[in-house]
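To get my numbering, take the position in the sequence shown, counting from 1, and add 141.
Quick reminder that beta carbons are idealized off the backbone N, C-alpha and C, glycines included.
Being a predicted model, the structure only gives us computed values, none of them experimental.
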Amino acid sequence: MSFAGVEARRLVIALERVGVSVGTGSACAASRMRVSHVLEAIGMPRALAEGSLRLTLGRGTTEDDVDYAATAIAGAVRAEMGRTGLTDEAMARARGRLWGRALMARVFCGLSGGVDSALAAALLVEAGHDVTAVYMRNWSRDLPGFRCPWARELADAERVAVTLGIDLEVWDCEAEYKATVVDYLVDAYAHGRTPNPDVMCNQTIKFGTFLERALAAGADFVATGHYGRVRRDADGRTRLMRALDEHKDQTYFLWRVGEEALARTLLPVGEVRDKAEVRRMCAERGLGVENKPDSDGICFVGPVGIRAFLLDALERRAGDVVEWETGRVLGRHDGAFLFTVGQRRGLDLGGGPARYVVGTDVEKNVVYVTADRMSPALLTRELALDDVRWISGEPPAAGRYLVRTRHTGELRSAELELGDAGVVLRFDKPVRRVAPGQSAVVYDGARCLGGGIVT
């Protein structure tokens with residue numbers, strides 16, 4: 142059966158929540174929705190086939206089961222057909238202000254299928270915004286031994302959207318992602334640098350492609366599940382502040398997002414005090430994602446290690462592992478591009494003391510290591526930065542600031558020196574060396590000012 146103007150995928154999810162299993166193909170589950178091969182075989186137009194539901198009756202199906210299913214389907218269809226915008230109640234709630242922003246805005250919220258973005262969307266709906274959810278399909282290719290989870294994540298995002306009664310659009314961003322994030326990452330590793338793809342993703346995709354397309358579609362703001370806070374000063378300037386939950390703060394990944402983009406951004410989850418509270422709030426709202434684990438692995442691939450990804454993208458090249466102090470060859474490796482400063486795992490040197498990477502030479506294909514965790518080769522009091530960006534568009538005055546050199550890493554006091562060639566950070570105390578290509582982010586108290594790429 143099919144219903145004009147109603148998306149079958151949304152009905153599948155809505156019915157699944159009340160115990161009625163239907164499908165659009167041969168599998169009755171929201172995570173495995175596909176067009177029925179039977180409908181395709183008889184020549185039904187794909188648009189109509191995609192809007193069709195397939196119901197199967199079994200030997201144990203009773204008349205009561207049929208009546209229950211019919212009532213549930215009718216209710217789900219009515220709910221979908223009646224979803225024509227904000228209700229009078231929502232309009233009434235939209236008097237006031239939220240996070241320093243005028244309410245009743247049209248917001249496009251990035252919905253990834255995870256916990257944080259689900260709560261962000263829920264809070265926006267409850268605040269009275271006109272919310273459209275967007276799932277950005279950035280990567281869908283499987284890797285050897287690893288199946289990309291994008292379809293499962295999309296199914297979770299659809300469940301959240303149906304629960305909240307909002308539309309969900311799927312935007313294909315793979316071409317932009319490959320050009321600005323994936324190729325950037327692979328090229329950097331091939332040249333002996335250790336990039337941070339999350340930083341580039343936020344600049345070019347989430348607050349680049351996503352923001353541009355949302356504004357073109359009539360959005361007033363975009364929103365994501367990032368842990369950070371956006372503040373507007375009395376003078377109209379927009380500031381990026383660290384999240385209330387310091388353990389989850391993600392401003393380290395947002396330093397390349399400019400003030401103009403932030404002025405069009407809402408970050409509701411940054412106002413929640415800890416992740417346990419985020420999960421509790423999702424559970425209270427019946428969003429069904431509260432028990433999902435935190436995302437891990439490469440930002441655009443999923444829970445797969447960088448080694449597996451790089452060996453799929455770059456040619457394996459055997460080379461020597463050399464002791465830094467003596468020049469003695471300790472073992473072999475599969476490519477110097479696989480290693481970064483401070484790395485301990487993956488060296489595969491057999492027994493003996495733990496060793497740490499102090500540097501690589503990708504041209505000679507050599508990895509240098511030391512057994513001394515406090516070796517001078519692993520410590521520094523100075524970092525030089527290039528590709529420097531300031532959120533306000535203007536550099537701060539030279540002086541003392543707080544600096545973070547890794548996500549949720551300790552904030553260290555450092556003197557900021559501005560020069561024609563870039564920025565130099567001089568730390569009060571020695572810090573762990575930072576691999577070239579990583580980010581160093583500068584803070585003035587809780588405010589994120591910007592940062593640069595370590596040379």
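Three-state secondary structure assigned by DSSP to residue i
| i | result |
| --- | --- |
| L194 | coil |
| I594 | strand |
| C589 | strand |
| E504 | coil |
| G578 | coil |
| S436 | coil |
| C250 | strand |
| F362 | strand |
| E230 | Reliability of the predicted coordinates at E230 is poor, the pLDDT of 45 falling under 50, and the value obtained from them is presented with this limitation in mind. Helix. |
| R448 | helix |
| F394 | helix |
| M277 | strand |
| V419 | helix |
| D205 | helix |
| A375 | coil |
| K319 | helix |
| K389 | coil |
| T511 | strand |
| G472 | strand |
| D528 | strand |
| V482 | coil |
| L566 | strand |
| S258 | helix |
| M142 | coil |
| L284 | strand |
| A217 | helix |
| G349 | helix |
Inter-residue Cα distance where the pair is residue i and residue j
| i | j | result |
| --- | --- | --- |
| K416 | V463 | 43 angstroms |
| L452 | G333 | 15 angstroms |
| K505 | F478 | 11 angstroms |
| D489 | V564 | 37 angstroms |
| W531 | A538 | 12 angstroms |
| A210 | S193 | 16 angstroms |
| R522 | F480 | 23 angstroms |
| V544 | R553 | 5 angstroms |
| L385 | I214 | 43 angstroms |
| G592 | L408 | 20 angstroms |
| R541 | V430 | 42 angstroms |
| R458 | A518 | 25 angstroms |
| A329 | E556 | 28 angstroms |
| D208 | R278 | 38 angstroms |
| V301 | L196 | 23 angstroms |
| V340 | L352 | 16 angstroms |
| Y497 | R573 | 12 angstroms |
| A320 | V419 | 34 angstroms |
| R378 | G164 | 50 angstroms |
| V159 | T304 | 12 angstroms |
| S436 | G255 | 8 angstroms |
| T365 | R397 | 16 angstroms |
| T345 | V322 | 8 angstroms |
| Y325 | M142 | 47 angstroms |
| Y276 | V482 | 35 angstroms |
| D271 | A512 | 57 angstroms |
| S516 | E466 | 10 angstroms |
Rounded Cβ spacing between residue i and residue j (contact assumed at less than 8 angstroms)
| i | j | result |
| --- | --- | --- |
| D524 | P571 | According to the sequence as given, residue 524 is Leu; it is not Asp. Incorrect: roughly 12 angstroms between the Cβ atoms, too far for contact. |
| L395 | N343 | 6 angstroms |
Neighbourhood of residue i by C-beta, 7 angstroms cutoff - its chain only, sequence neighbours within 5 removed
| i | result |
| --- | --- |
| D461 | V470, R473 and V507 |
| T350 | C314 and E317 |
Close beta carbons around residue i, own chain, < 8 angstroms, minus the five adjacent residues each side
| i | result |
| --- | --- |
| V503 | A331, H332, G333, A477 and F478 |
| A220 | A155 and G306 |
| V147 | G192, V218, E221 and M222 |
| R485 | A495, R496, Y497 and V498 |
Outcome for residue i when other beta-carbon atoms lying within 10 angstroms are tallied against a minimum of 16
| i | result |
| --- | --- |
| A495 | exposed |
| P336 | buried |
| A316 | exposed |
| P434 | exposed |
| Y584 | buried |
| V338 | It is Pro, not Val, that sits at residue 338 in the sequence shown. So P338 ends up on the buried side. |
| G216 | exposed |
| V562 | The sequence given here places Ala at residue 562; Val does not occur at that position. When all chains shown are included, A562 counts as exposed. |
| P285 | exposed |
| L526 | buried |
| V413 | buried |
| A355 | buried |
| Q579 | buried |
| S281 | exposed |
Close-in-space but distant-in-sequence residues of the same chain around residue i (CB under 6 angstroms, 5 per side omitted)
| i | result |
| --- | --- |
| F362 | A246, V248, R405 and L407 |
| Q391 | H367, Y368 and G369 |
| M382 | R370, R372, A587 and R588 |
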